[in-house]
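Protein chains in written order, with this note's numbering: chain A, 69 to 226; chain B, 69 to 226. One structure is given here, and the rest of the page talks about it.
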DNA sequence: TTCTAAATGAAAAACTTTTTCAATACGGAA
DNA sequence: TTCCGTATTGAAAAAGTTTTTCATTTAGAA
Ligand SMILES: [Mn+2]
Ligand SMILES: [Mn+2]
Ligand SMILES: [Zn+2]
Ligand SMILES: [Zn+2]
């Protein structure tokens, strides 16, 4: 169990939760994930570490971890959200459109923008939620190669 | 049928879709909604205009309207998203935490912030998605009154 | 009015999430 | 280390959501 895992486990303990085999498996799977996972995906991956792990436990553990702020729902452009390990504090995510790889952006600069919004709408702003979509470096490369290959084929077909 | 409705209906026609009674009912219900609606909520409200309307048709119509950009999924802080009529162009939403009233913010100013993100992550940024949570003017007032009433009760109980 | 393809609702199927409950296992107390 | 109470578990069932299928209806062009 690495340092990050230790910290997460300690958080659970600190809030009076037991540190069980299923929960360790779920933490491990989340720590290794490079993209937000649905409960079903998470079960599949966590079963590498606990073959018996039930889906119900995944739901229950995500609920606890979300309350403790250890995990965050990350909304995806298509369909709904997946869950990803959260860095403490306010963060945002950049999600790759092609492979769903996710990078966390710590901190943000929307203060002035949000003041405008408050003034214009009469709302008291209590929070915000920003998801950024893009193409990761790998996928940019992959798409360029695809385009190149397609061009070659087109020439051959002439 | 008001002007806004006419425009929406015309959009459907322009893309080769038929303008049916169920679809008009759905448009009408969306036009009157002050908050994002789930498919089930939308069915209930649209049945005021077409009592027979089936839930399947709501799903199918939302799918078409989302493709045409007439409707947008609005992600909510709790659980998942609802659907709201979309203003053309890039917009964001401010959603009231208490009554879910939604105001659309047309235009946004995240250009510089997004450039930073691109530089830091190596991602090409293709889009973003910002939801703002807050309290609408009405709910601010309502909550203040509640607090006041509670205080009165506390005094009476002494 | 006639005709045809698009669209519809009911029913079934597929999927997801929550609830219930008896069995299990974590971790504090001895 | 063993023992014990209770938090936690997985299976099964229930509840809820979304998609598929199909016979029937309807919009709208001709
Ligand atoms: Mn969602
Ligand atoms: Mn932010
Ligand atoms: Zn990628
Ligand atoms: Zn409100």
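Heads up, the beta-carbon is just placed ideally off N, CA and C, and yes, glycines get one too. Keep in mind that this is a model prediction, so the values were computed, not measured.
Of all alpha-carbon atoms in B:175, B:151, B:143 and B:142, the one lying nearest the alpha-carbon of residue 158 of chain B is that of B:175. The contact set of residue 192 of chain A on chain B, defined by CB atoms closer than 7 Å, consists of 202, 203 and 208 in chain order. Between the beta-carbon of residue 195 of chain A and that of residue 201 of chain B there is about 4 Å, and that keeps the pair under the 8 Å contact cut.
The beta carbon of residue 108 of chain A is closer than 6 Å to none in its chain, skipping five residues each way along the sequence. With a cutoff of 7 Å, residue 166 of chain B counts as near ligand 4, since its C-beta is closer than that to a heavy atom of the ligand. Comparing alpha carbon positions, the residue from A:216, A:104 and A:91 closest to residue 148 of chain A is A:104.
Counting only residues of its own chain and dropping the five nearest sequence neighbours on each side, residue 164 of chain A has a CB closer than 7 Å to the CB of 202, 203, 204 and 207. Going by beta carbons, residue 172 of chain A and residue 155 of chain A fall inside the 8 Å limit. In the structure shown, the three-state DSSP call for residue 84 of chain B is coil. Around the CB of residue 126 of chain A, 16 or more other CB atoms lie within 10 Å, so the residue is classed as buried.
The way I'd put it, the segment 118-133 of chain B doesn't touch the segment 176-183 of chain B; fewer than three beta-carbon pairs between them come closer than 8 Å.
When secondary structure is reduced to three states using DSSP, residue 156 of chain B falls in the coil class, being assigned neither helix nor strand.
Closest option to residue 170 of chain B, judged by alpha-carbon separation, among B:85, B:92 and B:100: B:100.
With distances taken between CA atoms, residue 185 of chain A lies nearest to B:162 out of B:84, B:162, B:113 and B:186. Classified as buried, residue 160 of chain B has 16 or more neighbouring CB atoms from the shown chains inside 10 Å of its CB.
Beta-bridge annotation (DSSP): residue 141 of chain A is paired with A:151. Among the residues facing chain B, residue 98 of chain A is not included, as its CB has no counterpart in that chain under 8 Å away. Judged by DSSP in its simplified three-state form, residue 215 of chain B adopts helix. Neighbours of residue 159 of chain B in chain A, taken as residues at a C-beta separation under 7 Å, are lacking, since the least C-beta distance is about 12 Å. Not one heavy atom of ligand 4 lies closer than 7 Å to the C-beta of residue 146 of chain B. Taking the Cβ of residue 203 of chain A as the reference point, at least one heavy atom of ligand 3 falls within a distance shorter than 7 Å. The secondary-structure analysis by DSSP pairs residue 200 of chain B across a beta bridge with A:196 and B:162. The beta carbon of residue 132 of chain A sits no closer than 8 Å to any beta carbon of chain B.
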